[in-house]
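**Q**
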Amino acid sequence: MSSERKGLNEYKPMLAMAGIIIVVQLVALLLAAPMVEEDMRAFENPDDASNSILYIFAILIFTFLLLLAIRKGMQWIIQLVILLAVGATMYYVFYALLSIADISVMANNALSVTASVILTVLLYKFPEWYVINTTGLIIGAGASAIFGISLSIIPVVVLLGLLAIYDAIAVYKTKHMIDLAEGVMDLRLPILFVMPKHMKYSFIEDSFKKEEGEEREAFFMGLGDAIMPTILVVSANVFLTDAYRLGGFINIPALGAMTGTIAGFIALTVLVMKGKPQAGLPFLNGGVILGYIAGVLIGGTPFY
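Numbering-wise (the working numbering), the sequence shown opens with residue 4 and increments by one.
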């Protein structure tokens, strides 16, 4: 195999990861309308920028509690909390999707609960990489849609800017985000996306403990790296009501935000391929904000 062919093959998992981000964004856009219809907003006033501060504060508290549980050897608490959150988020996603079919509330609740329980149990009993990715996609799209319809443009930009700074500090300075990722990896929960380098890879059997210089068999991306930029994509599509929509589905600022996300991901990939952990949000959040601005200028719409 030529070195050029080998190089292209090494980038295939990252291209697949970019594809996952695009799917998360498209599904989140699809979920936005029924979630608005069902009033699934997380905040009453979407224009209140203090909601972004509350979001950051909640993340800090949750991160602290996770690190504390890891150091106390109480991983079962982490597993329980995250599985409950996973099940609840999937319920909202299925309920929103089934509401499009115009079935009764009772039938919708029954089907949504059943599907959520089945997937959560499957995730607990058989957390293989494709199960992790499937549930992660559902959760990522659902969470993005909920917060995208709950925060208008300015609060989202504030949130993404603060999170980018926090992620950079957590990865490069305090390094507690790396400790957190390593601590919860063994629990095999849908807090990340897994893209194997070969089809024989098993996430269940992976020990994650590699010798120095030994390559991992898969690439990993935190779920938040897909969720956070997608919030702006959804928000732009929901709150810029006067903007022209391509195919009646997505407006140009939202499309620009999607394009900016992928551009940021490409820049991130170049550094990740060098073998060192990187903070994803400075690239992804920066990319989605610049892409949104470009979309606004191209579409000739107000910034907010």
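We put the CB at the ideal spot given by N, CA and C, even for glycine. For clarity, every value in this text was computed on a predicted model and none was experimentally measured.
For Pro305, count neighbouring C-beta atoms within 10 Å of its own C-beta (all shown protein chains included) and say buried if the count is 16 or more, exposed if not.
**A** Burial call: exposed.
**Q** Can the beta-carbon of Tyr247 be found less than 8 Å from the beta-carbon of Ile255?
**A** Yes, the pair counts as a contact, with Cβ atoms nearer than the cut-off.
**Q** How is the alpha helix (DSSP H) around Phe242 delimited, first residue to last?
**A** Element bounds for Phe242: 226 to 242.
**Q** When you compare only the Cα positions, how much space is there between Ala61 and Ile172?
**A** So the alpha carbons of these two residues sit roughly 17 Å apart.
**Q** Helix, strand or coil for Asn254 per DSSP?
**A** In this structure, Asn254 counts as strand in the three-state DSSP scheme.
**Q** Using the beta-carbon count (16 or more within 10 Å), is Asn54 buried or exposed?
**A** Buried, because 16 or more other Cβ atoms sit within 10 Å of the Cβ of Asn54.
**Q** Is it true that the region 158 to 173 meets the region 271 to 285, where meeting means three or more beta-carbon pairs spaced less than 8 Å apart?
**A** They touch, by the three-pair rule.
**Q** Please confirm whether any heavy atom of the ligand GTP lies closer than 7 Å to the CB of His201.
**A** Absence of the ligand GTP is noted for the structure shown, with no ligands found whatsoever.
**Q** Name the residue from Ala257, Thr262, Leu271 whose alpha carbon lies nearest to the alpha carbon of Tyr307.
**A** Measuring from the Cα of Tyr307, the nearest candidate turns out to be Ala257.
**Q** From this set, Leu57, Ala146, Gln78, which residue's C-alpha is nearest Gly227's C-alpha?
**A** Cα-wise, what sits closest to Gly227 is Ala146.
**Q** If you drop the 5 nearest sequence neighbours on each side, which residues of the same chain put their C-beta closer than 8 Å to that of Phe242?
**A** Pro49, Ser155, Ile156, Tyr307, listed in sequence order.
**Q** Quick one: what does DSSP say Arg74 is sitting in, helix, strand or coil?
**A** Here Arg74 sits in helix by DSSP.
**Q** Taking only the alpha-carbon atoms, compute the straight-line gap between Arg193 and Asp42 and give it to the nearest angstrom.
**A** Note that residue 193 is Pro in the sequence shown, not Arg. Near 26 Å, if we compare the C-alpha coordinates of Asp42 and Pro193.
**Q** Quickly, what does DSSP pair Leu249 with across the bridge? List them, please.
**A** Partner(s): Ile253.
**Q** For a test of the three-state rule: what should DSSP assign to Phe65, helix, strand or coil?
**A** Of the three classes helix, strand and coil, the one that applies to Phe65 here is helix, per DSSP.
**Q** Beta-carbon within less than 8 Å of Ala221's beta-carbon, same chain only, minus the 5 sequence neighbours each way: which residues are those?
**A** Result list for Ala221: Pro16, Trp132, Val197, Met198, Pro199, Lys200, Tyr204, Phe206, Asp209, in chain order.
**Q** By the three-class DSSP mapping on this structure, what secondary structure does Phe196 have?
**A** Correct three-state label for Phe196: strand.
**Q** Return the residue from the list Asn288, Asp182, Ala260 that minimises the CA-CA distance to Leu271.
**A** The option with the nearest alpha carbon to Leu271 is Asn288.
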